[in-house]
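Protein chains in written order, with this note's numbering: chain A, 10 to 231; chain B, 10 to 231.
Here a beta-carbon is modelled for each residue, glycine too, at the ideal position from N, C-alpha and C.
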């Protein structure tokens with residue numbers, strides 16, 4: 010896929026295509042690369058997603074909006090969006106990074122997508138990048154159920170048990186597997202009363218713990 | 010000072026003055042209040058300050074820009090700016106909060122100022138709030154010296170040694186002198202390989218350690 014076609018896909022034709030090229034250039038390739046653009050794009054994304062949530066949920070308190078935003082701008086979400094746009098195919102990577110699978114690494118793809126947002130902003134203006142981000146996030150925003158981004162699963166499980174004066178859950182790492190940059194973690198969540206043990210997996214210990222807590226919540230709430 | 014005069018001072022005349030009123034209403038006063046606007050304003054401020062830094066320092070790496078931004082958007086800085094605008098005089102606070110000094114509390118003032126940014130954005134557009142924030146931050150931005158927000162000397166020394174797979178430096182307090190409120194500290198920084206020992210002094214142990222690390226860095230980089 011050519012850069013022009015990628016630009017059409019995100020919905021912005023670049024007057025200065027060199028900005029897009031820089032946004033898609035990882036530091037391993039040399040200079041100029043996307044590190045500074047990623048800094049700017051990160052701020053733009055925070056701002057636009059805040060605006061979208063503020064308008065979509067006029068009745069929600071700011072705590073709920075904050076949690077929703079954290080979920081929408083985190084690396085996992087950006088990585089998924091970057092995959093739908095095939096950002097990996099457009100990346101300029103150094104040889105070593107390319108050989109070690111950099112084009113599919115979540116952090117590299119997420120950073121590149123943020124840099125693309127900054128490139129759109131610098132190429133045009135805030136309205137243009139607002140439009141690009143709105144389009145890209147529309148399916149995710151349409152999917153949000155207001156209750157869903159209440160507190161995360163570990164917090165809810167903790168509060169559920171505290172509310173019943175029960176002991177807090179214990180989390181234990183059961184297993185890690187995979188190479189350094191694509192590790193998978195499995196964690197057990199153990200509850201004393203009622204006696205219960207669930208497991209969860211994910212590409213970070215944090216995600217695995219949340220998944221184990223979610224499984225425990227599902228059992229307790231059933 | 011009337012609200013209209015406050016609006017003139019920040020450089021934006023509100024078409025919908027109720028937005029400004031909400032931005033200046035603390036939750037202790039009731040509803041609507043500025044909590045949701047503060048969420049939105051926080052994102053807007055991050056974005057605009059990122060843009061201002063990106064343009065002002067075309068040669069700085071993103072790490073330096075990030076540290077600069079963190080310093081410019083933190084509560085202390087917002088509190089100072091809110092004071093220059095006399096935001097406290099404009100606040101709507103509940104009676105209890107007013108009596109306990111809420112109008113001068115840094116967190117309340119900083120949050121209200123962020124909410125004002127969101128109000129300008131919603132009243133007009135991104136260009137309008139960009140203009141308001143740029144004007145307000147101009148003196149702070151003019152004051153930044155690029156070297157000022159580099160990593161501190163201890164961090165740089167640690168990274169330098171780690172990069173060479175060397176052992177980390179040891180800091181030891183050699184001497185304190187002077188009365189309680191004007192003490193002077195002298196600290197030694199010892200490095201194993203290459204064998205090196207420098208000293209630094211300052212009015213706190215932290216400053217003394219930084220100065221000792223700076224002296225070690227100067228020798229290592231020479």
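Check: How far does the alpha helix (DSSP H) with residue 181 of chain B in it extend, from its first residue to its last?; Outcome: Where residue 181 of chain B is concerned, there is no enclosing alpha helix (DSSP H), although the beta strand (DSSP E) it sits in stretches over 179-186.
Check: Quick one: residues in its chain with C-beta nearer than 8 Å to the C-beta of residue 228 of chain A, no 5 flanking neighbours on either side, listed in chain order?; Outcome: 205, 207
Check: Looking only at its chain, what residues have a beta carbon closer than 7 Å to the beta carbon of residue 202 of chain A, apart from the 5 residues adjacent to it on each side?; Outcome: 175, 176
Check: Starting from residue 193 of chain A and walking both ways along the beta strand (DSSP E), at which residues does that stretch end?; Outcome: 193-200
Check: Please give me, in chain order, every unbroken run of the alpha helix (DSSP H) with length at least 4 that falls completely inside the region 122-169 of chain A.; Outcome: 135-152
Check: Which residues in the same chain have their Cβ closer than 7 Å to the Cβ of residue 120 of chain A, if we skip the five residues on either side of it in sequence?; Outcome: 43, 47
Check: For chain B, is any of its Cβ atoms less than 9 Å away from the one on residue 57 of chain A?; Outcome: yes
Check: Identify the contact partners of residue 135 of chain A in chain B, using a Cβ-Cβ distance below 7 Å as the criterion.; Outcome: 135
Check: Would you check if the region 211-223 of chain B and the region 182-193 of chain B touch, i.e. whether three or more CB-CB distances between them fall below 8 Å?; Outcome: yes
Check: Residues of chain B with a CB under 7 Å from the CB of residue 105 of chain A: which are they?; Outcome: Correct list: empty, because the minimum Cβ distance to chain B is about 18 Å.
Check: Are the CB atoms of residue 141 of chain A and residue 20 of chain A nearer to each other than 9 Å?; Outcome: yes
Check: Report all residues from its chain with a CB closer than 7 Å to the CB of residue 124 of chain B; omit the five preceding and five following residues, and keep chain order.; Outcome: 32, 43, 46, 47, 50
Check: Leaving out the 5 sequence neighbours to the left and right, which residues in its chain are closer than 7 Å to residue 217 of chain B when beta-carbon positions are compared?; Outcome: 194, 195, 196, 209, 210, 211
Check: For residue 55 of chain B, I'd like the list of residues in its chain whose CB is within less than 8 Å of its CB, leaving aside the five on either flank, ordered along the chain.; Outcome: 78, 82
Check: Take the Cβ of residue 17 of chain A as the centre, count every other Cβ of all protein chains shown within 10 Å, and call the residue buried at 16 or more, exposed below.; Outcome: exposed
Check: In the DSSP assignment, what are the bridge partners of residue 109 of chain A?; Outcome: DSSP output for residue 109 of chain A lists no bridge partner at all.
Check: In terms of residue numbering, what span does the alpha helix (DSSP H) encompassing residue 29 of chain A cover?; Outcome: 26-32
Check: Any beta carbon of chain A sitting closer than 9 Å to that of residue 51 of chain B?; Outcome: yes
Check: What residues from chain B crowd round residue 75 of chain A, counting only those whose CB sits closer than 8 Å?; Outcome: 48
Check: Name the residue from A:198, A:144, A:127 whose alpha carbon lies nearest to the alpha carbon of residue 29 of chain A.; Outcome: A:127
Check: Within its chain, find whatever has a CB closer than 6 Å to the CB of residue 187 of chain B; leave out the 5 residues flanking it on each side and keep chain order.; Outcome: 193
Check: If you draw a straight line from the C-alpha of residue 171 of chain B to the C-alpha of residue 72 of chain A, how long is it?; Outcome: 40 Å
Check: Measuring only between beta-carbons, confirm whether residue 38 of chain B sits less than 9 Å from chain A.; Outcome: no
Check: Any residues in the region 58-92 of chain A with a beta carbon nearer than 7 Å to a beta carbon of chain B? Which ones, in chain order?; Outcome: 59, 60, 63, 70, 71, 74, 75
Check: Assuming residue 131 of chain B and residue 38 of chain B form a contact by the criterion Cβ under 8 Å, report the distance between their Cβ atoms to the nearest whole angstrom.; Outcome: Their Cβ separation, rounded to whole angstroms, is 20 Å, which puts residue 131 of chain B and residue 38 of chain B out of contact at 8 Å.
Check: Output the distance between the C-alpha atoms of residue 219 of chain A and residue 183 of chain A, rounded to the nearest integer angstrom.; Outcome: 14 Å
Check: Would you please verify whether the beta carbon of residue 168 of chain B is less than 9 Å from any beta carbon of chain A?; Outcome: no
Check: What three-state label does DSSP hand residue 205 of chain A in the structure shown?; Outcome: strand
Check: Show which residues of chain B have a CB atom less than 8 Å away from the CB atom of residue 165 of chain A.; Outcome: Those do not exist, as residue 165 of chain A stays about 21 Å from chain B at its closest Cβ, beyond 8 Å.
Check: For residue 57 of chain A, I'd like the list of residues in its chain whose CB is within less than 6 Å of its CB, leaving aside the five on either flank, ordered along the chain.; Outcome: 139, 142
Check: From which residue to which residue does the alpha helix (DSSP H) around residue 44 of chain A run?; Outcome: 44-65
Check: Give the DSSP-derived three-state secondary structure of residue 213 of chain A in the structure shown.; Outcome: coil
Check: In the DSSP assignment, what residue or residues form a beta bridge with residue 101 of chain A?; Outcome: A:34
Check: Looking at the unbroken alpha helix (DSSP H) that takes in residue 15 of chain B, where does it start and where does it end?; Outcome: 12-19
Check: What do you reckon, are the CB atoms on residue 223 of chain A and residue 199 of chain A nearer than 9 Å?; Outcome: no
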